[in-house]
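Asks:
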Amino acid sequence: MCLQHEGDPSAKKKKSINRQGVQPPNWEEIPLPPDHVLSHLTDAHCHSTDLTHAPEVYDAVKLGGLASMATVVDDQDRTKALSSERGWCNSSHPEKGKGRDGKGVGVVACFGYHPWFTHLYTLSSPNSIPSKEDHYFSLFQPSSKHSDLLKSLIPYLPDPISFEPLLEKLRDDIRGSLNQGRLTMLGEVGLDGSARMRWPKKAKHLHPDYKDQHQHQDQNSGANVKSLVDDGKEGGHEQKEAEEEEEGEGEEEWKRLTPFKVPMSHQREILDEQMEIAIELGVNISFHSVSCAGPSLDALISMRDKHKMNFTNKINVDLHSAGGWSPEFWKQAEKNLLNLYASPSIFITSRSPSASSLIASISKERLLVESDSHDVRLSDRLVWSAAEWVSRCKGWKLEGRDTNPSDNDTSDGNIHTQNRVAEWTLCRGNDDSAEEEEEVDEHGDIVQKDVWTVRTLERNWARFMGLVDD
Ligand SMILES: [Zn+2]
Ligand SMILES: [Zn+2]
1 MCLQHEGDPS
11 AKKKKSINRQ
21 GVQPPNWEEI
31 PLPPDHVLSH
41 LTDAHCHSTD
51 LTHAPEVYDA
61 VKLGGLASMA
71 TVVDDQDRTK
81 ALSSERGWCN
91 SSHPEKGKGR
101 DGKGVGVVAC
111 FGYHPWFTHL
121 YTLSSPNSIP
131 SKEDHYFSLF
141 QPSSKHSDLL
151 KSLIPYLPDP
161 ISFEPLLEKL
171 RDDIRGSLNQ
181 GRLTMLGEVG
191 LDGSARMRWP
201 KKAKHLHPDY
211 KDQHQHQDQN
221 SGANVKSLVD
231 DGKEGGHEQK
241 EAEEEEEGEG
251 EEEWKRLTPF
261 KVPMSHQREI
271 LDEQMEIAIE
281 LGVNISFHSV
291 SCAGPSLDAL
301 ISMRDKHKMN
311 FTNKINVDLH
321 SAGGWSPEFW
331 KQAEKNLLNL
341 YASPSIFITS
351 RSPSASSLIA
361 SISKERLLVE
371 SDSHDVRLSD
381 RLVWSAAEWV
391 SRCKGWKLEG
401 RDTNPSDNDT
411 SDGNIHTQNR
421 VAEWTLCRGN
431 DDSAEEEEEV
441 DEHGDIVQKD
451 VWTVRTLERN
461 WARFMGLVDD
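Reading the sequence shown from the start, the letters are residues 1 to 470 in the UniProt record's numbering.
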């Protein structure tokens with residue numbers, strides 16, 4: 001997952017941040033609609049393999065699908081295992097269906113390498129891997145004030161990993177998943193202008209906070225280091241450990257960031273190599289973009305210009321959570337990239353003061369929803385909350401909250417209850433329901449018909465994944 005959310009103290013802060021816009025709902029208390037309504041929605045971006053759950057936990061998810069992202073080396077096989085147990089198969093393998101034994105939530109297999117951990121990878125071939133010192137110094141280019149700090153951390157940092165074999169495996173994993181008929185994407189990949197390398201846990205004794213806490217060290221030397229890393233613990237990103245680390249029994253979680261940022265050029269090379277594979281194999285991309293809207297758009301436009309129709313007509317890109325993108329910038333991006341979608345989340349999107357105007361600015365056909373959660377038990381609630389928020393930002397009707405004319409059809413003799421929402425089937429793009437918003441009245445004026453949120457999000461997801469044509 002991208003962030004630790006449990007007990008998130010910023011939950012209350014979010015409400016005041018969005019005072020001027022349309023506030024997101026309280027996801028922990030929002031009432032859920034009937035199960036069949038949730039089954040029409042897909043979580044376009046989550047990190048379900050961060051935790052291990054029994055199959056029954058996935059069986060209990062009411063959503064129709066989850067796009068389960070991989071971020072680091074070990075995730076790739078976890079994603080493969082989860083999606084082979086409960087994948088979501090396309091129409092060329094109708095006998096396999098979706099979920100476990102054709103039941104329950106279906107998992108979209110997403111393979112890829114997240115920008116937060118790109119410092120672990122070298123672009124050198126496996127035969128010429130640089131030393132740790134050479135790799136981290138040439139990557140971070142520390143200022144003279146940070147040079148000693150980096151030197152002291154080097155023994156605790158992992159050896160650089162050649163990205164070349166990881167790319168080969170990425171291609172094999174995606175191709176293998178496609179050959180099984182499973183819905184497959186590249187993700188999570190992207191760019192992050194604010195991500196900093198985590199302080200290695202094994203070097204925590206060198207961090208001033210740890211020294212303060214344990215009072216093991218001379219206070220003066222602690223203060224000196226502290227002045228160098230003071231801004232290294234409030235980055236807003238509590239990043240997941242990239243490497244396996246053994247936690248001591250009963251040891252509290254210890255997370256701090258270093259001042260070292262991975263340069264955009266290195267992130268971009270790692271991103272481009274992965275996007276090339278997505279285009280080659282024709283799979284969609286789940287794209288992370290935080291604090292670097294401009295470079296992200298540049299990266300996508302370069303792919304569009306290089307690959308033309310193979311990019312714009314064969315694959316779609318989901319800008320997940322749209323981290324900090326302004327409404328104006330989004331509109332520009334949407335015009336430049338006809339295959340760009342965005343999926344707001346309660347956890348991340350709501351942090352931006354302009355979040356509700358951003359959602360309002362996203363075209364009806366380009367909206368998806370996501371949780372970005374590591375805990376699949378929260379997906380129903382988070383995705384429903386995102387849909388509810390979208391409905392208010394866009395002024396759309398919401399199934400389960402607003403009464404659809406078909407809900408009152410009591411021809412089966414049942415008495416209408418508040419929870420009653422008539423079942424529906426996915427609106428295909430080329431039947432008349434696609435044009436349902438426009439109707440002409442007796443004066444020849446266009447009458448705007450209601451837009452229904454879940455139906456719209458469902459059709460968008462199906463179009464995004466190529467399950468319907470339009
Ligand atoms: Zn994510
Ligand atoms: Zn992300």
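Beta carbons are placed, not taken as given, at the ideal position from N, Cα and C, and that holds for glycine. Model, not experiment: these values are computed from the prediction.
How about Met303 and Lys261: are their beta carbons less than 9 Å apart?
Replies: For Met303 and Lys261, no; Cβs fall outside 9 Å.
Asks: Does the distance between the C-beta of Asp450 and the nearest non-hydrogen atom of ligand 1 fall short of 8 Å?
Replies: Asp450 Cβ: outside cutoff for every heavy atom of ligand 1.
Asks: Hey, would you say the C-beta of Glu439 is under 8 Å away from at least one heavy atom of ligand 1?
Replies: Checking every heavy atom of ligand 1 against the Cβ of Glu439, none is found closer than 8 Å.
Asks: So does Glu29 have its beta carbon nearer than 8 Å to some heavy atom of ligand 2?
Replies: No, the Cβ of Glu29 stays beyond 8 Å of every heavy atom of ligand 2.
Asks: For the alpha helix (DSSP H) containing Pro165, name the first residue and the last one.
Replies: Element bounds for Pro165: Phe163 to Asn179.
Asks: Between which residues of its own chain and Gly250 is the CB-CB distance below 7 Å, once the five residues before and five after are set aside?
Replies: Residue confidence for Gly250 is low, a pLDDT of 39 falling below 50, so the modelled location carries little weight; the figure read from the coordinates is stated next. Answer for Gly250: no residue qualifies.
Asks: Once DSSP output is grouped into helix, strand and coil, what is the label at Arg381?
Replies: Three-state DSSP puts Arg381 in a helix.
Asks: Would Asp159 be called buried (16 or more neighbouring beta carbons within 10 Å of its own) or exposed?
Replies: Burial call: exposed.
Asks: Mind reading off the beta-carbon distance from Gly193 to Val317? Whole number of angstroms is fine, and I expect it under 8 Å.
Replies: Going by Cβ atoms, the distance from Gly193 to Val317 rounds to 18 Å, so no, they are not a contact pair.
Asks: Can the beta-carbon of Ser326 be found closer than 9 Å to that of Ala386?
Replies: No, Cβ-Cβ distance for Ser326 and Ala386 is not below 9 Å.
Asks: Does the distance between the C-beta of Met197 and the nearest non-hydrogen atom of ligand 1 fall short of 8 Å?
Replies: Not so, every heavy atom of ligand 1 lies at least 8 Å from the Cβ.
Asks: In this structure, how does DSSP classify Arg420 when only helix, strand and coil are distinguished?
Replies: Three-state DSSP puts Arg420 in coil, outside helix and strand.
Asks: Determine the contact status of Cys110 and Ser373, defining contact as a CB-CB distance below 9 Å.
Replies: Contact flag unset, no.
Asks: If contacts are defined as beta-carbon pairs under 8 Å, then Asn284 and Leu368 qualify, I think. What distance do you get, rounded to the angstrom?
Replies: That pair is no contact at about 11 Å.
Asks: Among residues of its own chain, excluding the 5 on either side of Glu244, which ones have a beta-carbon nearer than 8 Å to its beta-carbon?
Replies: Low confidence applies here, because Glu244 scores a pLDDT of 34, under 50, leaving its location unreliable and the question unanswered by this model.
Asks: Based on DSSP bridge pairs, tell me the residues matched to Val447.
Replies: According to DSSP, which records beta bridges pairwise, Val447 is partnered with Glu439.
Asks: Looking at the unbroken beta strand (DSSP E) that takes in Thr456, where does it start and where does it end?
Replies: That residue, Thr456, is in no beta strand (DSSP E); its alpha helix (DSSP H) goes Thr453 to Phe464.
Asks: Tell me whether Gly190, by its Cβ, gets closer than 8 Å to a heavy atom of ligand 2.
Replies: Within the cutoff, so yes.
Asks: Could you check where the alpha helix (DSSP H) with Ser343 kicks off and where it finishes?
Replies: That residue, Ser343, is in no alpha helix (DSSP H); its beta strand (DSSP E) goes Leu340 to Ser343.
Asks: By a C-beta neighbour count over all protein chains shown, 10 Å radius and 16 as the cutoff for buried, is Met69 buried or exposed?
Replies: Buried, because 16 or more other Cβ atoms sit within 10 Å of the Cβ of Met69.
Asks: Using only the alpha-carbon positions, how far apart do Arg100 and Val189 sit?
Replies: Looking at the two C-alpha atoms, the distance is approximately 27 Å.
Asks: Helix, strand or coil: which one does DSSP assign to Phe347?
Replies: Phe347 falls in the coil class under three-state DSSP.
Asks: By how many angstroms is the C-alpha of Gly106 removed from the C-alpha of Ser83?
Replies: Computed Cα separation, rounded: 8 Å.
Asks: Can you list, in chain order, the residues of its chain with a C-beta nearer than 8 Å to that of Ser125? Leave out the 5 residues immediately preceding and following it.
Replies: Excluding sequence neighbours, Ser125 sits near Ser162 and Glu164.
Asks: Under the rule that 16 or more other beta-carbon atoms within 10 Å means buried, what is Leu63, buried or exposed?
Replies: Per the 10 Å Cβ criterion, buried.
Asks: For Thr42, report the span of its beta strand (DSSP E) as first-last.
Replies: Where Thr42 is concerned, the enclosing beta strand (DSSP E) stretches over Thr42 to Cys46.
Asks: Take Ile277 and list the residues in its own chain whose beta-carbon comes closer than 8 Å to its own, dropping the five residues that flank it on each side.
Replies: Excluding sequence neighbours, Ile277 sits near Leu167, Leu170, Arg171, Ile174 and Leu186.
Asks: Any heavy atom of ligand 1 within a distance shorter than 8 Å of the CB on Asp134?
Replies: Because no heavy atom of ligand 1 lies under 8 Å away, the Cβ of Asp134 does not count as near it: no.
Asks: For Lys308, which of Ala293, Trp330 and Asn336 has the nearest alpha-carbon?
Replies: Per the Cα distances, Asn336.
Asks: From Thr122, Asn26 and Arg455, pick the residue whose C-alpha is nearest to that of His40; which is it?
Replies: Taking only the C-alpha atoms, the option nearest His40 is Arg455.
Asks: Between the Cα of Ser391 and the Cα atoms of Ile359, Ser379, Arg377 and Leu382, which residue gives the shortest distance?
Replies: Out of Ile359, Ser379, Arg377 and Leu382, Ile359 has the C-alpha closest to the C-alpha of Ser391.
Asks: If we call anything under 9 Å between Cβ atoms a contact, is Cys89 one with Lys80?
Replies: No, they are not a contact pair.
Asks: Helix, strand or coil for Met197? Go by DSSP, reduced to three states.
Replies: Here Met197 sits in strand by DSSP.
Asks: In the DSSP assignment, find the beta strand (DSSP E) that holds Thr184 and state where it starts and stops.
Replies: First-last of the beta strand (DSSP E) with Thr184: Thr184 to Asp192.
Asks: Might you give, ordered along the chain, the residues of its own chain that have their beta carbon closer than 8 Å to the beta carbon of Trp254, omitting 5 neighbours on each side?
Replies: Counting only Cβ-Cβ distances below 8 Å, and skipping sequence neighbours, we find Lys201, Lys204 and Tyr210.
Asks: Under a Cβ-count criterion, where at least 16 other Cβ atoms within 10 Å of its own Cβ denotes burial, should residue 474 be classed as buried or exposed?
Replies: Missing from the structure shown is residue 474; the chain here goes from 1 to 470 and no further.
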